[in-house]
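In our numbering, the protein residues as written are 422 to 539.
Okay, structure coming up:
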């Protein structure tokens, strides 16, 4: 079955950096687009970044452009989110997501907490 396991969250000061990882299994990783979403307390879950199956194309939310970078290693079945210049408003639970290109069914990881605070 599809499994997505996030790691790398934690507490960081404003201006700091974190790298999130999402280890995938149970499907042909190289054929699936991958995304990172986040959900802050009291807010709806929002798309942060997305990368195509081959890693050729990426998209970002306006709020993170120029600060976050999504990347993938298809040999390791892993997608990353490098987060730089972190702000308190980046505080949220970050989720890894994929959607089957065959069935459109979506899959989620369990989430990892990122807290940006001094």
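Beta carbons: idealized from backbone N, C-alpha and C, even for Gly.
N- and C-terminal bounds of the beta strand (DSSP E) containing residue i
{"i": "residue 480", "result": "479-481"}
{"i": "residue 446", "result": "439-446"}
{"i": "residue 456", "result": "455-460"}
{"i": "residue 493", "result": "489-494"}
{"i": "residue 470", "result": "467-472"}
Per-residue DSSP class, three states only, for residue i
{"i": "residue 510", "result": "helix"}
{"i": "residue 428", "result": "strand"}
Outcome for residue i when other beta-carbon atoms lying within 10 angstroms are tallied against a minimum of 16
{"i": "residue 510", "result": "exposed"}
{"i": "residue 456", "result": "buried"}
{"i": "residue 530", "result": "buried"}
{"i": "residue 449", "result": "exposed"}
{"i": "residue 475", "result": "exposed"}
{"i": "residue 523", "result": "exposed"}
{"i": "residue 485", "result": "buried"}
{"i": "residue 470", "result": "buried"}
Expected contact under 8 Å - CB spacing of residue i and residue j to nearest Å
{"i": "residue 427", "j": "residue 528", "result": "Contact doesn't hold; Cβ gap of about 12 Å is too wide."}
{"i": "residue 590", "j": "residue 536", "result": "Any question about residue 590 goes unanswered here, given that the chain covers just 422 to 539."}
{"i": "residue 499", "j": "residue 461", "result": "Wrong, their Cβ atoms sit about 25 Å apart, outside the cutoff."}
{"i": "residue 445", "j": "residue 468", "result": "In fact, because the Cβ distance is near 18 Å, the residues do not count as touching under 8 Å."}
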